[in-house]
Structure formats: structure tokens, C-alpha cells
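Student:
In full-length UniProt numbering, the protein residues as written are 1 to 101.
1. Roughly how many angstroms separate the alpha carbons of residue 68 and residue 23, rounded to a whole number?
2. On a CA-only basis, which of 11, 18, 46 and 40 is nearest residue 63? Give me that one, please.
3. On the three-state DSSP scale, how would you describe residue 74?
4. Taking the beta strand (DSSP E) that residue 22 belongs to, which residues open and close that run?
5. Report buried or exposed for residue 45, applying the criterion of at least 16 other Cβ atoms within 10 angstroms of its Cβ.
6. In whole angstroms, what is the alpha-carbon distance linking residue 47 and residue 38?
7. Taking the C-alpha atoms as reference points, what is the distance between residue 2 and residue 78?
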């Protein structure tokens with residue numbers, strides 16, 4: 001599960017055609033777009049929610065279809081709609097089984 005530093009939930013906005021699955025779901029890669037919903041962050045009473053997460057390609061060497069697999073150690077940043085950085089997302093690794101079709 002991925003969330004912004006303020007508790008909003010990040011979900012993938014793009015789909016994967018990969019044959020590699022983890023717990024029945026396609027493996028998340030740095031190529032996927034992520035959107036954040038439910039971020040309650042405000043500045044001086046004005047809502048300034050996180051709306052996207054951008055991942056930096058990870059040098060772990062773990063790839064799927066040429067894209068870096070997102071690990072719980074992957075670097076990322078949450079951003080507002082005005083592309084203001086809000087801090088790194090919180091990543092909780094939940095998937096542990098890998099299967100290939």
C-alpha cells in the first residue's frame with residue numbers, strides 16, 4: 001500500500017500488460033503513473049493536497065519488461081497539482097508472492 005505523507009492513498013493511474021504478477025496483481029513499476037486521493041494537507045487553512053507520486057528509477061537491477069520494479073526502498077516524491085513537492089510517500093510492502101504467466 002502506498003500513501004502520501006499526510007495519509008492520502010496513492011493508486012496506479014495506468015495499467016500494466018506485464019505477465020509478471022504479485023499476489024495476482026501486475027507488478028508496479030516506475031513507468032506507472034500514480035494519483036493520490038484523500039490527502040487532507042492544508043497550508044494556512046487552504047487545501048493543498050498531494051495529487052501525484054513520481055518515482056525515480058531504482059538501481060536495484062530488478063526490472064519487468066525493461067522498467068524498474070517499485071520496491072519499498074524505491075525513491076519517490078508526492079506533488080501538489082502545482083507540482084510543489086510534498087515529501088516522500090509512505091510505502092508498506094504487502095505483496096510477497098511472485099508468479100509469471
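We treat Cβ as the ideally placed atom computed from N, Cα and C, and that holds for glycine.
Tutor: Quick look at the numbers:
1. 18 Å
2. 18
3. coil
4. 20-22
5. exposed
6. 11 Å
7. 11 Å
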